[in-house]
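Step one of this worksheet: look at the structure below.
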Amino acid sequence: MQRRIFLKSLVKALSALSLITLGKKSVAATVINNKEILLLTSPVAGFQFYNGNLLWKTLRPNDPLLLMPEPENPYDEQAVKVMWNDDQLGYVPREDNTTISQMLARGQVLVARIGEMQESADPWARLIMNFNLVQG
3 MQRRIFLKSL VKALSALSLI TLGKKSVAAT VINNKEILLL TSPVAGFQFY
53 NGNLLWKTLR PNDPLLLMPE PENPYDEQAV KVMWNDDQLG YVPREDNTTI
103 SQMLARGQVL VARIGEMQES ADPWARLIMN FNLVQG
């Protein structure tokens, strides 16, 4: 009997979540405020090759990031540069960039912000971005 109650409550909880498919991923959408929905979190690819280490002490969580599609990129036509002010921090990782570049090409308003920051020898763990879809 306990198991049945648990399963019913689990089904209700799961049905209450809005699922959004991003490429091969499905993630639960989280409403940030009445206008933004958190779609995806992702590391900055190539952080160690750009200005991130030099700017580390000036970067702050929630700082806005500029996403710039780079269709002329010789390695990946879906590449999306990640900029902070006038400095490149890296790229949206390849596993996420197709969806992000398609959304930008369709004119959907995406807001990217610095999410988490941590001192780490692993460049993929240093800076995490949040991608929010702007509604209305």
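Numbering (the numbering used here), first residue to last: 3 to 138.
Note that the Cβ used here is the ideal one computed from N, Cα and C, for glycine as well.
Here the structure is a predicted model, which is why all the values come from computation and not from measurement.
Open item on the list: Whether or not the region 92-99 and the region 44-63 are in contact is what I'm after, with contact meaning three or more pairs of Cβ atoms, one per stretch, closer than 8 angstroms; do they touch?
Closed with: yes
Task: Bridge partner(s) assigned by DSSP for Tyr93 - done: The partner list for Tyr93 (beta bridge, DSSP) reads Ala47 and Lys83.
Open item on the list: So, with DSSP's three-state summary, where would you put Ala114?
Closed with: strand
Task: Asn55 - DSSP class collapsed to helix/strand/coil - done: helix
Task: Extent of the continuous beta strand (DSSP E) to which Pro125 belongs - done: Pro125 -> not in any beta strand (DSSP E); alpha helix (DSSP H) instead, spanning Pro125 to Arg128.
- [ ] Pick helix, strand or coil for Asn75, following the three-state DSSP scheme.
- [x] coil
TODO: Decide if Ile40 is buried, meaning its Cβ has at least 16 other Cβ atoms within 10 Å, or exposed.
DONE: According to the sequence shown, residue 40 is Leu rather than Ile. Burial call: buried.
Open item on the list: On the DSSP bridge list, what partners appear for Leu69?
Closed with: Val84
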